[in-house]
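Sequence positions in the sequence shown follow the UniProt record's numbering and run 1 to 127.
All C-beta atoms, glycine included, are put in the ideal place defined by N, C-alpha and C.
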Amino acid sequence: MNSAFQTGHGDDASDLTRDDISADALDTMFDVLSADRRRHTLQYLVETDATVPLSKLAAAVATAEAGESSASTDAQQQVAIDLHHRHLPKLADEGLISYDVDANLTTVTETGRKFDTVRTSLLENML
């Protein structure tokens, strides 16, 4: 697990200063945020705050990407494959989620919750 996001602060990202986050942590943060699928995944897992099967996560991410009430079964399957092979392992390697590959279950970690607070703060400050 990457400890780049361990700052010693609580859940409130507004307390962070430039000195609290290393350049490596910022690089990692922006790398993780660079993919829409990872942002949608993290946001969904934070909002549900439960262990989620890959199929349900893929449906939610595909729907968010489509901007409709639901995505097609084919789109959901393609998203599930991409999540399984690319995005979930990266999020798990960074310690933002727990991903049980054998059971296809995902859960956000405390670090992931803190990271999402930073993501939300960045978005609010950009608007």
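Next item on the list: Determine the burial state of aspartate 116: buried for a count of at least 16 other Cβ atoms within 10 Å of its Cβ, exposed for fewer.
Entry: Around the Cβ of aspartate 116, a 10 Å sphere holds 16 or more other Cβ atoms; the residue is buried.
Next item on the list: Using 10 angstroms around the beta-carbon of histidine 87, count the other beta-carbons present and answer buried if the total reaches 16, otherwise exposed.
Entry: Buried: at least 16 other Cβ atoms inside 10 Å.
Check: Considering only the beta carbon of each residue, do arginine 119 and leucine 33 sit closer than 9 Å?
Finding: yes
Next item on the list: May I have a chain-ordered list of the alpha helix (DSSP H) segments no shorter than 4 residues that lie completely inside the region 57 to 96?
Entry: As far as the region 57 to 96 is concerned, its whole alpha helix (DSSP H) runs of at least 4 residues are 73 to 82, 88 to 93.
Note to self: On the criterion of 16 or more Cβ atoms from any shown chain inside 10 Å, does threonine 73 qualify as buried, or is it exposed?
What the structure shows: exposed
Margin query: Please return the same chain residues whose Cβ sits closer than 7 Å to the Cβ of aspartate 27, not counting the five positions on each side in sequence.
Written below: Excluding sequence neighbours, aspartate 27 sits near nothing in its chain.
Notebook entry, point to check: Just how far apart, CA to CA, sit glutamate 65 and glutamine 77?
Noted result: 13 Å
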